[in-house]
Amino acid sequence: MRVKRKAIVRRKTREVDVTVTIDLDESYAKINTGISFFDHMLNSFAKYSEIGLEIEAKGDLDVEEHHTIEDVAIALGLAIKKALGDKKGIARFGDAIVPMDDAIAICAVDISGRGYYNFEGKIENSGIKFENFVHFFDTLCKNAGLNVYLSVKGFNAHHMMEASFKAFGIAFGKAVRIVGKDVRSIKGMLD
Ligand SMILES: [Mn+2]
Numbered sequence: 003m004r005v006k007r008k009a010i011v012r013r014k015t016r017e018v019d020v021t022v023t024i025d026l027d028e029s030y031a032k033i034n035t036g037i038s039f040f041d042h043m044l045n046s047f048a049k050y051s052e053i054g055l056e057i058e059a060k061g062d063l064d065v066e067e068h069h070t071i072e073d074v075a076i077a078l079g080l081a082i083k084k085a086l087g088d089k090k091g092i093a094r095f096g097d098a099i100v101p102m103d104d105a106i107a108i109c110a111v112d113i114s115g116r117g118y119y120n121f122e123g124k125i126e127n128s129g130i131k132f133e134n135f136v137h138f139f140d141t142l143c144k145n146a147g148l149n150v151y152l153s154v155k156g157f158n159a160h161h162m163m164e165a166s167f168k169a170f171g172i173a174f175g176k177a178v179r180i181v182g183k184d185v186r187s188i189k190g191m192l193d
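First residue of the sequence shown: 3, per our numbering; consecutive thereafter.
#1: Between the C-alpha atoms of Leu192 and Glu52, what's the straight-line distance to the nearest angstrom?
#2: For Thr23, does the three-state DSSP call read helix, strand or coil?
#3: Is the number of C-beta pairs between the segment 91–107 and the segment 70–79 that are closer than 8 Å three or more?
#4: Any residue with its Cβ nearer than 6 Å to a heavy atom of ligand 1 should be included. What is that list in chain order?
#5: Around the C-beta of Asn120, are 16 or more other C-beta atoms found within 10 angstroms, so that it is buried, or is it exposed?
#6: For Tyr118, I'd like the list of residues in its chain whose CB is within less than 7 Å of its CB, leaving aside the five on either flank, ordered along the chain.
#7: Going by the beta-carbon positions, is the gap between Val185 and Lys89 smaller than 7 Å?
#8: For Ile10, collect the residues of the same chain with a Cβ closer than 6 Å to its Cβ; drop the 5 residues on either side in sequence, then sort them by chain order.
#9: Please work out which residues of its chain come closer than 6 Å, Cβ to Cβ, to Asp140, disregarding the five sequence neighbours upstream and downstream, and give them in chain order.
#10: Terminal residues of the continuous alpha helix (DSSP H) containing Ala165?
#11: Considering only residues of the same chain and omitting the five flanking positions on each side of Lys32, which have a CB-CB separation below 7 Å?
#12: Return helix, strand or coil for Asn34, following the three-state DSSP convention.
#13: For a quick check, are the C-beta atoms of Ile172 and Tyr30 less than 7 Å apart?
#14: Sort Val18, Leu78 and Ser114 by Cα distance to Leu63 and report the nearest one.
#15: Would Leu114 and Ala159 be called neighbours here (beta carbons separated by less than 7 Å)?
#16: Do you know how far the Cα of Glu122 is from the Cα of Ser153?
#17: Quick check on Asn134: buried or exposed, where buried means 16 or more other Cβ atoms within 10 Å of its Cβ?
Structure, rendered in structure tokens:
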């Protein structure tokens, strides 16, 4: 019997109280961040990565969305890192190309243990600001130890952001799947 790839992370600051529950071998989503568009994006991520994900966040949205998006990214990143454990048997790499009408997103993921986000594109503000869209992925990568390349082109900001979350979800879902027995690195570890 495999070790459960589950984790719960709570992060409580003076700005945000967020709890993330993740199960890499389930498939469901229950998301409530108080930012409807962000919930829509996180639901897409969970759906297309085929992981179990619960996020409950209460942030200082009267200030603006930045703190809530940032703290969700930190907690989700730490939960991913914790749930992956020793990373034995994971595919490690995953990729996806996702069109959405006028938009197209390309994503590649390496669960290398080294957090690095490489983004190409420019999107108008949509249900969340573009700066927070970029900041979310950057913060997530640093905290989870993910190397992610994401590129997006298009016209409609909603489509461009949604295609990005879908592409990231599909690529991430492939990378966390169990495909073998050993750690996929000649170093013997992914950290
Ligand atoms: Mn949509």
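We put the CB at the ideal spot given by N, CA and C, even for glycine. Quick caveat, the model's predicted, so the values are computed rather than measured.
Reading from the atomic positions:
#1: Residue numbering aside, residue 192 sits at position 190 when the sequence shown is read from its first letter. Residue numbering aside, residue 52 sits at position 50 when the sequence shown is read from its first letter. Going from the Cα of Leu192 to the Cα of Glu52 covers about 22 Å.
#2: Position 21 of the sequence shown holds residue 23. In this structure, Thr23 counts as strand in the three-state DSSP scheme.
#3: Output reads no: the segment 70–79 does not touch the segment 91–107.
#4: Counting every residue whose Cβ lies closer than 6 Å to a heavy atom of ligand 1, we get His42, His160 and Glu164.
#5: On the sequence shown, position 118 is the one that residue 120 refers to. A residue is called buried once 16 or more other Cβ atoms fall within 10 Å of its Cβ, and Asn120, having fewer, is exposed.
#6: Here residue 118 is taken as the residue at index 116 of the sequence shown, counted from 1. Excluding the 5 residues flanking it on each side, Tyr118 has same chain C-beta neighbours closer than 7 Å at Cys143 and Asn149, in chain order.
#7: Mapped onto the sequence shown, residue 185 falls at position 183. Mapped onto the sequence shown, residue 89 falls at position 87. For Val185 and Lys89, yes; Cβs fall inside 7 Å.
#8: On the sequence shown, residue 10 is found 8 positions in, with the first residue counted as 1. Closer than 6 Å at the Cβ level, and outside the excluded window around Ile10, lie Thr23.
#9: Mapped onto the sequence shown, residue 140 falls at position 138. Around Asp140: Tyr119.
#10: Looking up residue 165 in the sequence shown gives position 163. In the DSSP annotation of this structure, the continuous segment of the alpha helix (DSSP H) that includes Ala165 starts and ends at Ala159 to Val178.
#11: For the purposes of this step, residue 32 is taken as residue 30 along the sequence shown, with counting starting at 1. Answer for Lys32: Glu56, listed in chain order.
#12: In the sequence shown, residue 34 corresponds to position 32, counting from 1. If DSSP states are grouped into helix, strand and coil, Asn34 belongs with the strands.
#13: Within the sequence shown, the letter at position 170 stands for residue 172. Within the sequence shown, the letter at position 28 stands for residue 30. No, they are not a contact pair.
#14: Against the sequence shown, residue 63 aligns to sequence position 61. With distances taken between Cα atoms, Leu63 lies closest to Val18.
#15: Indexing the sequence shown from 1 puts residue 114 at position 112. Indexing the sequence shown from 1 puts residue 159 at position 157. At residue 114 the sequence reads Ser, which differs from the Leu that was named. Going by C-beta atoms, Ser114 is not nearer than 7 Å to Ala159.
#16: The residue given as residue 153 occupies position 151 in the sequence shown. The residue given as residue 122 occupies position 120 in the sequence shown. When rounded, the distance between both Cα atoms is 5 Å.
#17: Within the sequence shown, residue 134 is the residue found at index 132, counting from 1. Counting Cβ neighbours within 10 Å, Asn134 comes out buried, since at least 16 surround it.
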